[in-house]
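As given, the protein sequences belong to chains A and B, one line each in that order.
Reading the first sequence from the start, the letters are residues 1044 to 1265 in this note's numbering.
Reading the second sequence from the start, the letters are residues 1044 to 1265 in this note's numbering.
We put the CB at the ideal spot given by N, CA and C, even for glycine.
This structure is a prediction, so every number in the text was calculated from the model and none was measured.
Note sheet for the following structure.
Protein chains: 2
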Amino acid sequence: MTPAAGPRAVVAVDIALCTVRDGALHVLVGQTRTGPFAGWWTLPGGLVRRDETLDDAAARELSAQTGIRDVYLEQLYTFGHPARDPQGRVVSVAYVGLVPPERLDDVRAGDKYAQVAWRPVADLPALAYDHASVVATAVERLRGKVAYTNLVYALLPPAFTLGELQSMYEAVLGRTLDRRNFRKKLLSLGLLKPLGRTRRGPHRPAALYGFRRRRPMVVEIL
Amino acid sequence: MTPAAGPRAVVAVDIALCTVRDGALHVLVGQTRTGPFAGWWTLPGGLVRRDETLDDAAARELSAQTGIRDVYLEQLYTFGHPARDPQGRVVSVAYVGLVPPERLDDVRAGDKYAQVAWRPVADLPALAYDHASVVATAVERLRGKVAYTNLVYALLPPAFTLGELQSMYEAVLGRTLDRRNFRKKLLSLGLLKPLGRTRRGPHRPAALYGFRRRRPMVVEIL
DNA sequence: ACAAAAGTGTTGGATTTACACCCATGA
DNA sequence: TCATGGGTGTAAATCCAACACTTTTGT
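Next up, the structure:
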């Protein structure tokens, strides 16, 4: 470990920013404006600066390229195949991000992108680099983690119905859950606080709930 | 993501090579011979070469510095605080490695180290860089993962008794388990094959078992 | 004989699953 | 009135936790 002498590599971060929309997991992709992958879709990301942490770099790039700030971000995996970038050795530290639905439309394309778009993970366009693997790894991580953490709080608005909460789990897990058992379990965990308000619609009004604590905790949910 | 232009960082790998000895988790550390941390204990690791994958780099450095080859290795987390190395920007991709006890004595110090030693994770010497965090993260990962995978196969010799298997779980998890329930559960999972031999000692001979499949699988164990 | 670990079943409680009907609203 | 989702309880099955005595060997 003698930094002065060794071969150098560029370190980048890439972010798989996820959300659930219309009952399906989506990820944010941007259409690159220039460079060898001009016209291709990629995950937001970019080079790590000399004086910032990896977490800071992920938040900064995400904000610069998509306008999205202050979301849940966690380091996912580091992709370092020597040929993953045709231009040279780039080691990419991938992150998963989670955005609640009320902020989906805050996204705007930064300089690097002609456009950004939410795409269902089940129907992605061809992605540049190894970004398809990044998305696959992110989905795997989410699937695994929602079952034993309260992570979905980062995918939900401040107030939601139990039906919406259940749809969230179903979308991430890709399977349906029994409604009565789901309610019993979640209410028994004490993670939620009833807000005393209701959501109205073309049906019986539904009680609204919020998370008692909006920060990551491990709790056996399913 | 324009590799040609950006600021450069050095990419390294560090390996927390773990084993269970005398009923306790141990990690392999080496006493650095030269450089600014001469005399300090560090985890084996080193710079990633231009043309190798991260996994290859981890295996190569481990083999070069400790003589240990062909062990279970999995990527753990990437540490990139700008000040983690006093000499410059080094982003380190950390790995966890697992070695079975019959290979503990294959370790020999490579050129970089004056000596290498197995130390209990509960009683580590001061480690250079952020290697204490790496070990802590590795232990956390192992604790979490043994409960829902068959990972312990990588910590056990080809033949072992159920008692030894149980001690392995107890050492990693840091708690005791009920013997009868443990046996019932593990035998019911069908992960083990009885070898038809026994281990003798100053007590009743114990049946020997091996893992049916020595590769990572997710199985709910505890 | 003794020490040390191996081997072995049952029971009660808790948890999980499966399952069907009525309710309140907006259109 | 109809369509839509909200709200609710029970019984069976399964899983999990707790628990003690006998066996075989080496010394």
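* With DSSP as the reference, please indicate the residues paired to Y1156 of chain B in a beta bridge. => Looking up residue 1156 of chain B in the second sequence gives position 113. According to DSSP, which records beta bridges pairwise, Y1156 of chain B is partnered with B:T1075.
* is_contact[G1123 of chain A, chain B] using C-beta, thresh 7 angstroms -> Along the first sequence, one-based indexing puts residue 1123 of chain A at 80. Closer than 7 angstroms to some Cβ of chain B, the Cβ of G1123 of chain A qualifies, so yes.
* **Local Cβ density within 10 Å of P1087 of chain A, reported as buried at 16 or more and exposed below that** => Indexing the first sequence from 1 puts residue 1087 of chain A at position 44. So P1087 of chain A counts as buried.
* Listing by chain order, which chain A residues have their CB less than 7 angstroms from the CB of T1177 of chain B? -> Counted from its first residue, the second sequence places residue 1177 of chain B at position 134. In the sequence on display, residue 1177 of chain B carries Val and not Thr. Those do not exist, as V1177 of chain B stays about 13 angstroms from chain A at its closest Cβ, beyond 7 angstroms.
* Leaving aside the five residues before and after R1010 of chain A along the sequence, list all residues of the same chain whose C-beta is less than 7 angstroms from its C-beta, in chain order. => Any question about residue 1010 of chain A goes unanswered here, given that chain A covers just 1044 to 1265.
* Give the single residue among A:P1245, A:R1132, A:H1124, A:L1199 whose Cα lies nearest to the Cα of E1145 of chain A. => Here residue 1145 of chain A refers to the residue found at position 102 of the first sequence. For the residues A:P1245, A:R1132, A:H1124, A:L1199, the minimum Cα distance to E1145 of chain A belongs to A:L1199.
* Asked: Does DSSP put G1187 of chain A in a helix, a strand or coil?
  -> What you label residue 1187 of chain A is simply residue 144 of the first sequence in a count that begins at 1. Three-state DSSP puts G1187 of chain A in a helix.
* **Between the CA atoms of G1078 of chain A and D1149 of chain A - distance to the nearest angstrom** => To locate residue 1149 of chain A, count along the first sequence from 1; it is residue 106. To locate residue 1078 of chain A, count along the first sequence from 1; it is residue 35. Looking at the two C-alpha atoms, the distance is approximately 26 angstroms.
* **Residues near V1182 of chain A in its chain [Cβ-Cβ closer than 7 angstroms; skip 5 each side]** => To locate residue 1182 of chain A, count along the first sequence from 1; it is residue 139. So the qualifying residues of the chain are L1068, V1164.
* Decide if L1119 of chain B is buried, meaning its Cβ has at least 16 other Cβ atoms within 10 Å, or exposed. => For this step, residue 1119 of chain B is matched to residue 76 along the second sequence. It counts as buried.
* To do: Would you check if the segment 1126-1144 of chain B and the segment 1051-1059 of chain B touch, i.e. whether three or more CB-CB distances between them fall below 8 angstroms?
  => yes
* Using only alpha-carbon positions, find the residue among A:V1139, A:A1126, A:D1099, A:A1100 that is nearest to R1186 of chain A. => Counted from its first residue, the first sequence places residue 1186 of chain A at position 143. The candidate whose alpha carbon is nearest that of R1186 of chain A is A:V1139.
* How is the alpha helix (DSSP H) around Y1252 of chain A delimited, first residue to last? -> As a first step, residue 1252 of chain A must be located in the first sequence, where it is residue number 209. Counting along the chain, Y1252 of chain A falls outside any alpha helix (DSSP H), though it belongs to the beta strand (DSSP E) covering 1246-1254.
* Between which two residues does the beta strand (DSSP E) harbouring A1055 of chain B extend? -> For this step, residue 1055 of chain B is matched to residue 12 along the second sequence. Taken as a continuous stretch (DSSP letters only), the beta strand (DSSP E) holding A1055 of chain B covers 1053-1064.
* Nearest CA to the CA of R1256 of chain A: which residue from A:C1061, A:T1192, A:A1214? -> Sequence index remark: in the first sequence, residue 1256 of chain A carries index 213 (1-based). Answer by Cα proximity: A:T1192.
* With DSSP collapsed to three states, give me the class of P1144 of chain A. => The sequence position of residue 1144 of chain A within the first sequence is 101, counting from 1. Three-state result, P1144 of chain A: helix.
* Three or more beta-carbon pairs under 8 angstroms between the segment 1193-1213 of chain A and the segment 1246-1261 of chain A, yes or no? -> yes
* Shorter than 7 angstroms from the beta carbon of L1208 of chain A to some beta carbon of chain B? -> Position 165 of the first sequence, counted from the start, is the residue given in the question as residue 1208 of chain A. L1208 of chain A does not count as touching chain B.
* With distances taken between CB atoms, is the gap from A1101 of chain A to L1090 of chain A smaller than 7 angstroms? -> Taking the first sequence and counting its residues from 1, the one referred to as residue 1101 of chain A is at position 58. Taking the first sequence and counting its residues from 1, the one referred to as residue 1090 of chain A is at position 47. Not in contact: A1101 of chain A and L1090 of chain A (Cβ atoms no closer than 7 angstroms).
* Do R1278 of chain B and G1217 of chain B have their CB atoms nearer than 7 angstroms? -> Chain B is shown only over 1044 to 1265; residue 1278 of chain B falls outside these bounds and no answer can be derived.
* What number of angstroms, rounded off, separates the C-alpha of A1126 of chain B from the C-alpha of K1188 of chain B? -> On the second sequence, residue 1126 of chain B is found 83 positions in, with the first residue counted as 1. On the second sequence, residue 1188 of chain B is found 145 positions in, with the first residue counted as 1. Distance between the alpha carbons of A1126 of chain B and K1188 of chain B is about 30 angstroms.
* Return the residues of the segment 1088-1105 of chain B that lie within a Cβ-Cβ distance of less than 7 angstroms from chain A, sorted by chain order. => G1088, G1089, L1090, V1091, R1092, R1093, D1094, E1095, T1096, L1097
* Beta-carbon of A1052 of chain B versus every beta-carbon of chain A: anything under 7 angstroms? -> Looking up residue 1052 of chain B in the second sequence gives position 9. Answer yes: the Cβ-Cβ gap between A1052 of chain B and chain A drops below 7 angstroms somewhere.
* Asked: Tell me which same chain residues have a C-beta within less than 6 angstroms of the C-beta of Q1108 of chain B, skipping the five on either side of it?
  -> Numbered from its first residue, the second sequence carries residue 1108 of chain B at position 65. These residues qualify, in order along the chain: P1087, G1153, K1155.
* To do: Compare the C-beta of V1134 of chain B with all C-beta atoms of chain A and state if any pair is closer than 7 angstroms.
  => Working through the second sequence from its first residue, we reach residue 1134 of chain B at position 91. So, interface residue.
* To do: With DSSP as the reference, label A1067 of chain A as helix, strand or coil.
  => For the purposes of this step, residue 1067 of chain A is identified with residue 24 of the first sequence, where counting begins at 1. Strand, per DSSP.
* Whole-Å CB distance - R1051 of chain B paired with R1051 of chain A, under 8 angstroms assumed -> The residue given as residue 1051 of chain B occupies position 8 in the second sequence. The residue given as residue 1051 of chain A occupies position 8 in the first sequence. Confirmed, about 4 angstroms.
* Asked: Counting along the chain, where does the beta strand (DSSP E) carrying Q1118 of chain B start and finish?
  -> Numbered from 1 along the second sequence, position 75 holds the residue referred to as residue 1118 of chain B. Here the beta strand (DSSP E) through Q1118 of chain B covers 1115-1122.
* Asked: Using the C-alpha atoms, what's the distance from P1143 of chain B back to T1075 of chain A?
  -> Position 32 of the first sequence, counted from the first residue, corresponds to residue 1075 of chain A. Position 100 of the second sequence, counted from the first residue, corresponds to residue 1143 of chain B. So the two alpha carbons sit approximately 48 angstroms from each other.
* Asked: Count the other CB atoms within 10 Å of the CB of G1123 of chain A; is the residue buried (16 or more) or exposed (fewer)?
  -> Counting from 1 along the first sequence, the entry for residue 1123 of chain A is found at position 80. The residue is buried, with at least 16 neighbouring Cβ atoms inside 10 Å.
* Asked: Do you know offhand how far T1096 of chain B's Cα is from E1207 of chain B's?
  -> Position 53 of the second sequence, counting from 1, holds the residue named residue 1096 of chain B. Position 164 of the second sequence, counting from 1, holds the residue named residue 1207 of chain B. Going from the Cα of T1096 of chain B to the Cα of E1207 of chain B covers about 36 angstroms.
* **Rounded straight-line distance, which links the Cα of L1147 of chain B to that of R1112 of chain B** => Looking up residue 1112 of chain B in the second sequence gives position 69. Looking up residue 1147 of chain B in the second sequence gives position 104. If you take the alpha carbons of R1112 of chain B and L1147 of chain B, they lie about 12 angstroms apart.
* Along the beta strand (DSSP E) that carries L1090 of chain A, what are the first and last residues, could you check? => If you number the first sequence from 1, residue 1090 of chain A lands on position 47. Note, L1090 of chain A: beta strand (DSSP E), 1088-1090.
* Near T1219 of chain B, what residues of its chain come up, given a Cβ to Cβ distance below 8 angstroms and the 5 sequence neighbours on each side ignored? -> Numbered from 1 along the second sequence, position 176 holds the residue referred to as residue 1219 of chain B. Correct list, in chain order: E1213.
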